[in-house]
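Structure, as structure tokens:
There are 2 protein chains.
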Amino acid sequence: MTMIAYLGPAGTFTEMAALRYLQLKYPDLEHYPSRMCPYPTISQAIKAAENGEVEIAVVPIENSIQGGVTMTLDSLWQSELLQIQQAIVLPIAHALITRAEKLTDIKTVYSHPQGLAQCQQWLDQHLPTVQQIATDSTTEGLHTVAEDITAAAIASERAAEIYNLPILEFPINDQPDNFTRFLVLGRTATTTQGTHSSLAFSLKRNMPGALVKPLLVFADRQINLSRIESRPTKRSLGEYIFFIDIDAPIDDPNFYEALQELQSVTENLKILGSYEVC
Amino acid sequence: MTMIAYLGPAGTFTEMAALRYLQLKYPDLEHYPSRMCPYPTISQAIKAAENGEVEIAVVPIENSIQGGVTMTLDSLWQSELLQIQQAIVLPIAHALITRAEKLTDIKTVYSHPQGLAQCQQWLDQHLPTVQQIATDSTTEGLHTVAEDITAAAIASERAAEIYNLPILEFPINDQPDNFTRFLVLGRTATTTQGTHSSLAFSLKRNMPGALVKPLLVFADRQINLSRIESRPTKRSLGEYIFFIDIDAPIDDPNFYEALQELQSVTENLKILGSYEVC
Numbered sequence: 004m005t006m007i008a009y010l011g012p013a014g015t016f017t018e019m020a021a022l023r024y025l026q027l028k029y030p031d032l033e034h035y036p037s038r039m040c041p042y043p044t045i046s047q048a049i050k051a052a053e054n055g056e057v058e059i060a061v062v063p064i065e066n067s068i069q070g071g072v073t074m075t076l077d078s079l080w081q082s083e084l085l086q087i088q089q090a091i092v093l094p095i096a097h098a099l100i101t102r103a104e105k106l107t108d109i110k111t112v113y114s115h116p117q118g119l120a121q122c123q124q125w126l127d128q129h130l131p132t133v134q135q136i137a138t139d140s141t142t143e144g145l146h147t148v149a150e151d152i153t154a155a156a157i158a159s160e161r162a163a164e165i166y167n168l169p170i171l172e173f174p175i176n177d178q179p180d181n182f183t184r185f186l187v188l189g190r191t192a193t194t195t196q197g198t199h200s201s202l203a204f205s206l207k208r209n210m211p212g213a214l215v216k217p218l219l220v221f222a223d224r225q226i227n228l229s230r231i232e233s234r235p236t237k238r239s240l241g242e243y244i245f246f247i248d249i250d251a252p253i254d255d256p257n258f259y260e261a262l263q264e265l266q267s268v269t270e271n272l273k274i275l276g277s278y279e280v281c
Numbered sequence: 004m005t006m007i008a009y010l011g012p013a014g015t016f017t018e019m020a021a022l023r024y025l026q027l028k029y030p031d032l033e034h035y036p037s038r039m040c041p042y043p044t045i046s047q048a049i050k051a052a053e054n055g056e057v058e059i060a061v062v063p064i065e066n067s068i069q070g071g072v073t074m075t076l077d078s079l080w081q082s083e084l085l086q087i088q089q090a091i092v093l094p095i096a097h098a099l100i101t102r103a104e105k106l107t108d109i110k111t112v113y114s115h116p117q118g119l120a121q122c123q124q125w126l127d128q129h130l131p132t133v134q135q136i137a138t139d140s141t142t143e144g145l146h147t148v149a150e151d152i153t154a155a156a157i158a159s160e161r162a163a164e165i166y167n168l169p170i171l172e173f174p175i176n177d178q179p180d181n182f183t184r185f186l187v188l189g190r191t192a193t194t195t196q197g198t199h200s201s202l203a204f205s206l207k208r209n210m211p212g213a214l215v216k217p218l219l220v221f222a223d224r225q226i227n228l229s230r231i232e233s234r235p236t237k238r239s240l241g242e243y244i245f246f247i248d249i250d251a252p253i254d255d256p257n258f259y260e261a262l263q264e265l266q267s268v269t270e271n272l273k274i275l276g277s278y279e280v281c
């Protein structure tokens, strides 16, 4: 039975993405909730899939406002086994969940740092003096909201429903066009059938600026990069790992040839997967 | 009299970078502290320099472990006037500042999200059940530490000294090789004498994947990019702003020619500055 790890608890946007994946992949399945395993951090959800506790981990990789989710990028690079099985894009709308009857009664607001950041202008305008407390997930603060009438949490409408708590304002995200892309990670070998491919590489040591060679591999073949993101190697300032997305399947002959050449100009090259986006 | 805005309050690593800049630039100056204007957020410090309240803003741009400081990248893109005058690299070492006598007495830890992230493994190991509270600066939590014996803050040794509070553990950052690069921003026109140059560009709308063309402009001329970082345009998922660092002065003929060509393949191109790193 397929078990799915996700950044929990129930009611996070990641849970919504994980449910979407199950419904797409196994439309006839019953008892979805019994397959869902919430984890308190992204790295724990990823490790659970890596060591076989679960088959699949669903984690956020990128938000249209806040950018890349660095914890996911760093965990992907460290993973030896996981491949991207699928990408899922969901619209994000945040609710202010509180038992307070009006905004002026609120003293603290809890949310994941990305949740706080995505509502920053709204918070600056409507709750300028309120203490903002970062939590490991958008729903962690809901337990406090249930007990403390001066507390509020920023989370999904679904979270309010699950925890049976009232919504005071909705939506409160600064940008109405707010989308998050999630990755479905598993140990199944990468397909060659996907429409999108992702890879990551580090550069040879003591050549921190030698990014031009790997880029030339793609540019020479007119292979378009739909995304390039850098993360520090954590070894020394100025050394990076590059994450690249390409809108092509991995068995595209042009792309395959590029991968061969890329081996010779990178230190460590990882194929992260070939997958569909839905 | 040159006034400097920085991410405050006093005792932040950004203050140390700002003091370093003043000492380098004006070695004979007296009364450094009277020139230092702390601001509670990066965006407010940058706006103060933008609108002329101060001459200079000093802000963090990149840490060797945590990567780019997204707030600084986003503010730089929005700024119409500011140019990078100088980059400053400082080693970062975090202290656990608390009036508690032992770790088991601590119930909450306050720090800037980057401070918490840079000590994450140490916190997981030594204070696994403690609530982590994100603040706008590494020193904001020191006021709470002064009042509450169960509170701790992660900040610099200098912060402990300024606030006259005891250090329980030092250093607690997960990686001993931890460096942050800071930018000195001002309205002075960019010099052509710097050893490093930075620029940023967005791609033409409805061509979200067309990154290959700008990269080809550099690759064709064998101009090495020492850093490339992407940020979302915040318009729609898959559209990015690219920040590029080049180890060459802006008046290098090869680089100058590349800039001309870059104009035609980008939507909006900003020269962020040409500067020295120290």
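Which chain is which? The protein sequence lines are A and Z, in order.
Note that my numbering has the first sequence beginning at 4, numbered continuously upward.
Note that my numbering has the second sequence beginning at 4, numbered continuously upward.
A virtual CB, placed ideally from N, CA and C, is assigned to each residue, including glycine.
query, result
"Interface flag, residue 178 of chain Z vs chain A, CB-CB below 7 Å", "yes"
"Any non-hydrogen atom of the ligand FMN closer than 6 Å to residue 243 of chain A Cβ", "With respect to small molecules bound, the structure shown includes none, and the ligand FMN cannot be examined in it."
"Option in A:31, A:115, A:232, A:147 with minimal Cα separation from residue 71 of chain A", "A:232"
"Contact set between residue 42 of chain A and chain Z, taken where Cβ atoms lie within less than 7 Å", "Per Cβ cutoff of 7 Å: no residues; residue 42 of chain A is ~14 Å from chain Z at best."
"Closest by C-alpha distance to residue 88 of chain Z, when choosing among Z:60, Z:97, Z:100", "Z:60"
"Under 7 Å between C-beta atoms of residue 20 of chain Z and residue 7 of chain Z", "no"
"Beta-carbon proximity of residue 228 of chain Z to residue 106 of chain A, cut-off 7 Å", "no"
"Beta-carbon spacing of residue 97 of chain Z, residue 176 of chain Z below 7 Å", "yes"
"Closer than 8 Å at the beta carbon, the chain A residues around residue 54 of chain Z", "Those do not exist, as residue 54 of chain Z stays about 17 Å from chain A at its closest Cβ, beyond 8 Å."
"8 Å contact criterion, which residue 27 of chain A and residue 281 of chain A should meet: CB distance rounded", "6 Å"
"Bridge partners - residue 41 of chain Z, DSSP secondary structure assignment", "Z:9"
"Supposed close pair residue 78 of chain A, residue 182 of chain A - CB separation, criterion 8 Å", "No, residue 78 of chain A and residue 182 of chain A are not in contact; Cβ-Cβ is about 21 Å, not under 8 Å."
"Contained beta strand (DSSP E) runs [length at least 3] in the region 81–124 of chain A, N- to C-terminal order", "86–94, 98–101, 111–114"
"Alpha-carbon spacing of residue 17 of chain Z relative to residue 188 of chain Z, whole angstroms", "13 Å"
"Per-residue contacts from residue 73 of chain Z into chain A (C-beta, under 8 Å)", "69, 70"
"Any 3 or more C-beta pairs closer than 8 Å across the region 102–116 of chain Z and the region 151–170 of chain Z", "yes"
"Buried or exposed by the 16-neighbour rule on C-beta atoms within 10 Å, applied to residue 37 of chain Z", "exposed"
"Residue 233 of chain Z at chain A interface by Cβ criterion, 7 Å", "yes"
"Test: residue 137 of chain A CB closer than 7 Å to a CB of chain Z", "yes"
"Minimum Cβ-Cβ distance from residue 237 of chain Z to chain A less than 7 Å", "yes"
"C-alpha gap between residue 15 of chain Z and residue 224 of chain A, whole angstroms", "47 Å"
"Cα-Cα separation between residue 219 of chain Z and residue 123 of chain Z, rounded to whole angstroms", "39 Å"
"Residue 217 of chain Z (DSSP reduced to helix, strand or coil)", "helix"
"Residues of its chain near residue 44 of chain Z, where Cβ-Cβ distance is below 6 Å and the 5 sequence neighbours each way are ignored", "139"
"Per-residue burial, residue 115 of chain Z [other beta carbons within 10 Å of its own, 16 or more giving buried]", "buried"
"Beta bridge counterpart(s) of residue 63 of chain Z as assigned by DSSP", "Z:185"
"Chain A within 7 Å of residue 272 of chain Z, Cβ atoms only", "no"
"Within-7 Å CB hit, residue 227 of chain Z to chain A", "yes"
"Coarse secondary structure for residue 243 of chain Z, derived from DSSP in three states", "strand"
"Assigned secondary structure, residue 257 of chain Z (DSSP; H/G/I helix, E/B strand, else coil)", "helix"
"First through last residue of the beta strand (DSSP E) which encompasses residue 149 of chain Z", "Note, residue 149 of chain Z: premise wrong, no beta strand (DSSP E); alpha helix (DSSP H) at 145–150."
"Secondary structure of residue 268 of chain A, DSSP reduced to three states", "helix"
"Under 7 Å between C-beta atoms of residue 204 of chain A and residue 101 of chain A", "no"
"Cutoff 7 Å: residue 116 of chain A Cβ touching any chain Z Cβ", "yes"
"Beta carbon of residue 32 of chain Z nearer than 7 Å to that of residue 246 of chain Z", "no"
"CA nearest to the CA of residue 53 of chain Z, picked from Z:81, Z:201, Z:131", "Z:81"
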